[in-house]
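Asks: Adding 36 to a residue's 1-based position in the sequence shown gives its number in my numbering.
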Amino acid sequence: MSKRPLVIGICGGIGSGKSVVRRVLGLLLGAPTYDCDTRAKELYRDPVVRAEIASLLHEDPIDQSGSLNKELLSQALHSEHLRPQLESIVHQAVKDDFARWLSKSAEPYAILESGILFSSGLYRSVDCSIEVAAEDALRSMRTRLRDRDNGATQYKSMNSLQHKEADLRSRLVDYTIYNNGSDSLIHQCERILSEINHR
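1. What is the C-beta distance between I147 and Y70, in whole angstroms, given that I count them as a contact (C-beta under 8 Å)?
2. To the nearest angstrom, report how far apart S165 and C47 are at their CA atoms.
3. Would you mind reading off the limits of the alpha helix (DSSP H) that contains I147?
4. For the alpha helix (DSSP H) containing S91, name the first residue and the last one.
5. Relative to the C-alpha of A87, which residue among V126, L64, L42, H234 is closest?
6. Could you tell me if T74 is buried or exposed, where buried requires 16 or more neighbouring beta carbons within 10 angstroms of its beta carbon?
7. When the Cα atoms are used, what is the spatial distance from G53 to L109?
8. Helix, strand or coil, according to DSSP, for E171 in the structure here?
9. Which two residues bound the contiguous alpha helix (DSSP H) that contains I228?
10. At the level of alpha carbons, what is the spacing between P41 and V168?
11. Please state whether the Cβ-Cβ distance between P68 and E143 is less than 7 Å.
12. Can you tell me which of the three DSSP states L249 falls into?
13. When the distance is taken between beta carbons, is N215 closer than 7 Å to A173?
14. If you reduce the DSSP assignment to three classes, tell me which class V209 lands in.
15. So L221 packs on V57, CB below 8 Å; how close in whole Å?
16. Using the beta-carbon count (16 or more within 10 Å), is L153 buried or exposed?
17. Looking only at its own chain, which residues have a Cβ that is under 6 Å from the Cβ of E121, when we skip the five neighbours before and after it?
18. Measure the Cβ-Cβ separation of G51 and R160 and say whether it is below 7 Å.
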């Protein structure tokens, strides 16, 4: 039986640069990477997940054009009653999907990126965690540049939803990379990988 890859979890707030660090680590290690946010959006289309969400919200999460009904999902995420139930469905689907994905890998390392690594329980699937941190103003600017129409609203909304995650992250994360543009991301990644390999 092949040994399970060592899984490195990447976390951080919106606009911190998680995806950049995931890609850098993937290149440095020659490792496959898993983006929870991207996969979650795809899993909404899974027949079982879609049916569970439709039953909860009394409306299909996929609209008539075949796109995610973002307004419906956003309203649910801001509802104290619906949010925990919706998150339970999606988080479990992502955990199961990641486990299947990981079981197919023969590489020594794998990288998982999640903005809610700790509050979702996904941290239990990783061997160590790296936070990508950046100043609020820089994170806000990056989010606005990424989505000129909705970036400012998205940043404010996501920040308000992630207080619990930020608190857990500050207490539980193993390593931190600072993405403020001053220190080289590659050098920071290399230093942390050296520490991980000597654990």
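The C-beta atom is built at its ideal place from N, Cα and C for all residues, glycine as well.
Replies: For this structure:
1. 7 Å
2. 7 Å
3. Here I147 belongs to no alpha helix (DSSP H); instead the beta strand (DSSP E) covers 145-149.
4. 83-93
5. V126
6. exposed
7. 24 Å
8. coil
9. 221-233
10. 22 Å
11. yes
12. There is simply no residue 249 to check, as the chain begins at 37 and stops at 235 in what is shown.
13. no
14. coil
15. 6 Å
16. buried
17. The question names Glu, but residue 121 in the sequence shown is Gln. Once the five neighbours on either side are set aside, the close Cβ partners of Q121 are L92.
18. no
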